[in-house]
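Sequence order for the protein chains is A and B.
Read in order, the letters of the first sequence correspond to residues 355 to 627 in this note's numbering.
Read in order, the letters of the second sequence correspond to residues 94 to 413 in this note's numbering.
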Amino acid sequence: MPTVSPSAVHDVTVIDRRELAPGIVLIGLHAPALARVTRPGHFAMVIPPSGETAATALGIYEAHDERVSLLFFAVGKRTHELATLKIGDPLGVIGPLGNGFTIGDARDVAIVAGGVGIASVLLPAQRALAAGARVRLYYGARTRDLLVERERFAAEGCDVLVATDDGSDGYRGYVTELLAQTHEPPELILACGPSPMLRAVARTAGEMNVPAQLSLEETFACGVGGCWGCVVPLVRDSAQAPSFPPAERQGSDVVYARICKEGPVFWAHELRW
Amino acid sequence: MNTHSVDLSVTIGKLELPYPTFMGSGCYGSGEEFAPFVDLSRIGAVVLKSVTRLPRLGNPTPRLVHTPAGMLNAIGLQNPGIDWYLDHDVKKFAERPCAVVGSVAGFSVDDYAYTVERLAARDEIKAIELNISCPNVAHEGETFACDPRLTANVVRAARATTDKTLIVKLSPNVTDIAGIAREAEAAGADALAVINTVRGMAIDVETWRPRLGNVTGGLSGPAIRPIAVLAVYEVARAVKIPIVGQGGIETVTDALEFFLAGASAVSIGTGNFTDPRIPVRIVDELAEYLARRNCASLRQIVGKANVGFANPYQFEGDEG
Ligand SMILES: Cc1cc2nc3c(=O)[nH]c(=O)nc-3n(C[C@H](O)[C@H](O)[C@H](O)COP(=O)(O)O)c2cc1C
Ligand code: FES
């Protein structure tokens, strides 16, 4: 049975724009159709309003009622352009895309977010809290000012534990060290952030013997599985591996999976990176 | 002239298409990936990702980097190999509401002939594009499209295995693309795809490492459009077979440059990464443009770039 994809190109309107910290912007969109079908861990491709080449992949931060929001760092030409959008501006958004987090019936969930990774973890936090789970957010950033939206997560009901590189707030050091110090291992770990952090989460989760799902970031071209540009090596017989001849035919026990299609969320123990 | 009565159809070898738009190989999956965003019955043909005789894992990561007005890619022809492809993937292509063109890459004349013969034998595949110009696997041998003799040999061998339309994809990374085009035509090509990506490189100045796992890559997008328009112009003067022009097409104006330079059809690759609605928008606006210019058919403008003006000012030295 071919499943009908819920994704589409949406013509939406900017209804909110806030600079949460220097260079960190939240754009709220009136996007009822997109809000309805977005699930935790999904992302969107934003069509550059000025016609700049290649859409920009962004995690979906909020999705409820008629609203979707995107939270991002203005780092390159295309994100800078999005940062200058004004209320009332039209925007083309492709989504929702990708395979998101699977929370299941875990009763105790730890979410690890590094920097802009916070943009992809509000929806899974809300989902887990709604199911009655305890949710601890381990949130790391370079410095205090960049820990945007921490009050929001606390207000939702998360226990928020923070770490900063410069010690300006919370634990001084990596957020993954904070996770490793816990005396109450969670049942499930979800993480989004820069790849060195995700590798550390994978290691820590392995040591704790707790399953972990990681939301990966990579440069995208198509964002929909059409170009094989955004890959990560995966154990060939894992459930998420794309169709490929079995290992005995070609030696290697890994296969490259598309982060935009098979991911962006992968089980840590199935990655070979 | 009425927009609806404008004839946009094209004939490429034996392939009859209602619209002059191909979706570039390696950019569009098998079409299925884009089906939620575009009405595939309103595009001409999807060219599939290139397939090879044996499975290929592809290049190490990163495989993509955004660059001004385009991007570099070095995918390295990741594909499951022709056996697996025929058993698992090809039958799904019958359901596509547009023509499906197979793309074949290889590392020897024998590889190409073998893979073309097997793929072309399938009814789901309406034509074959010979990718002899992938810049990202060149370390494993010479790029066929950079050598006139190799081009002739590989096209002749592929031609001998099938009567289906054979489109040969040329590389811009040569000094005389017209010469290569003539060889391909003489060896039996039905059409030429002009151009594949332009070789390029980008370096991270913090780490001093290349930005691509493969070190070098292929540049695509608007950055290469003028290179591609010139290549089409030169090839159109050298051969009689139709040309599928490509390289940085994102708007109807871009597409028109290619038609005027001598392309019978165009292909959109990187443009789909900007907005998947681009191919259908181009077709709609092309009909409007032609109606406005009182042209009943797209064919009327192919190769009509007017380059015959005289230079009114000359010194003696300008002659040489
Ligand atoms: C990510 C990517 C993958 C590509 N893969 C292939 C391929 O497998 N085979 C091929 O013949 N061309 C491949 N190409 C080249 C395109 O089909 C096209 O010829 C080229 O990019 C120029 O057109 P564009 O600027 O519209 O993309 C690829 C291009 C890109 C950007
Ligand atoms: S970005 Fe094209 S396959 Fe993921």
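All residues carry an ideal CB built from backbone N, CA and C; glycine is no exception.
If you're wondering where the values come from, they're calculated on a predicted model, not measured in any experiment.
Neighbourhood of residue i by C-beta distance below 6 Å, restricted to the same chain and skipping five residues each side
i         : result
THR96(B)  : ALA380, GLU381, ALA384
CYS581(A) : ALA575
SER390(B) : ASP100
PRO335(B) : ILE105, ALA284, SER357
THR392(A) : ILE414, ALA417, PRO450
ALA385(A) : HIS364, VAL366, VAL422
ASN224(B) : SER143, SER196, ALA198, LYS262
GLU373(A) : VAL379
ARG215(B) : VAL183
PHE130(B) : PRO369
ASN246(B) : VAL202
Top-ranked residue by Cα proximity to residue i, from the options
i         : options                                    : result
ALA358(B) : GLY364(B), ALA348(B), THR367(B), PHE366(B) : ALA348(B)
ALA198(B) : ALA128(B), THR208(B), LYS184(B)            : THR208(B)
GLY471(A) : LEU439(A), PHE426(A), SER592(A), HIS537(A) : PHE426(A)
ILE105(B) : PHE408(B), ALA324(B), ASP283(B)            : ASP283(B)
GLY583(A) : GLU378(B), ALA245(B), SER143(B), GLN171(B) : GLN171(B)
VAL555(A) : ARG504(A), ALA362(A), HIS623(A)            : HIS623(A)
ARG490(A) : PRO394(A), LEU500(A), VAL475(A), VAL502(A) : VAL475(A)
GLU571(A) : GLY377(A), ILE448(A), GLY469(A)            : GLY469(A)
ASN266(B) : THR258(B), GLU278(B), PRO228(B), ARG275(B) : PRO228(B)
ALA487(A) : VAL466(A), ARG504(A), GLY511(A)            : GLY511(A)
PHE200(B) : ALA167(B), THR244(B), ALA220(B), THR346(B) : THR244(B)
ASP419(A) : PRO444(A), ILE465(A), GLY382(A), THR518(A) : GLY382(A)
Between the CA atoms of residue j and residue i - distance to the nearest angstrom
i         : j         : result
PRO356(A) : ASN453(A) : Model confidence at PRO356(A) stands at a pLDDT of 40, short of 50, so the residue's coordinates are unreliable; what they give is reported in the following sentence. Cα-Cα distance, rounded: 16 Å.
PRO161(B) : ALA316(B) : 7 Å
ASN307(B) : ARG432(A) : 25 Å
MET116(B) : VAL140(B) : 6 Å
ASP607(A) : ILE613(A) : 18 Å
ASP368(B) : GLY617(A) : 21 Å
VAL609(A) : VAL529(A) : 30 Å
LEU50(B)  : GLY341(B) : This structure cannot speak to residue 50(B), because chain B is shown only from 94 to 413.
THR497(A) : LEU544(A) : 22 Å
ASP204(B) : ILE441(A) : 57 Å
ALA473(A) : TYR493(A) : 12 Å
ASN387(B) : PRO402(A) : 34 Å
PRO155(B) : PRO303(B) : 10 Å
LEU388(A) : GLY272(B) : 52 Å
THR344(B) : SER522(A) : 50 Å
MET562(A) : VAL463(A) : 13 Å
TYR178(B) : GLY169(B) : 17 Å
VAL619(A) : SER569(A) : 4 Å
GLY293(B) : SER360(B) : 21 Å
ASP513(A) : ALA479(A) : 11 Å
ALA593(A) : THR145(B) : 25 Å
ALA411(A) : GLY446(A) : 12 Å
Element boundaries [beta strand (DSSP E), containing residue i]
i         : result
ASP370(A) : 362-375
With 16 other Cβ atoms within 10 Å as the buried cut-off, status of residue i
i         : result
TYR406(B) : exposed
GLN535(A) : exposed
PHE408(B) : exposed
ASN289(B) : buried
GLY119(B) : buried
GLU125(B) : buried
GLY151(B) : buried
GLY401(B) : exposed
LYS615(A) : buried
ALA482(A) : buried
HIS396(A) : buried
MET551(A) : buried
MET399(A) : buried
ASN399(B) : exposed
8 Å Cβ shell around residue i - same chain, five flanking residues per side excluded
i         : result
MET164(B) : LEU157, VAL158, LEU312, SER313, GLY314, THR363, PHE366
GLY458(A) : LEU542
SER123(B) : VAL139, LEU141, LYS142, ASP182, LYS185, PHE186, ARG189, VAL193
PRO148(B) : ASN172, PRO173, GLY174, TRP177
PRO548(A) : GLY468, GLY469, GLY471, GLU571
The alpha helix (DSSP H) enclosing residue i, as first and last residue numbers
i         : result
ASP176(B) : 175-181
ASN365(B) : 364-367
GLY577(A) : Premise fails: GLY577(A) is in no alpha helix (DSSP H) and is neither H nor E.
SER549(A) : 549-562
Own chain partners of residue i with C-beta closer than 7 Å, once the 5 adjacent residues on each side are dropped
i         : result
ALA375(A) : ASP499, LEU500, VAL502
THR558(A) : THR530, LEU533, ALA534
GLN300(B) : Note on identity: in this sequence residue 300(B) is Thr, with Gln being the wrong assignment. Nothing listed; no residue qualifies.
ILE270(B) : LEU263, ALA324, GLU327, VAL328
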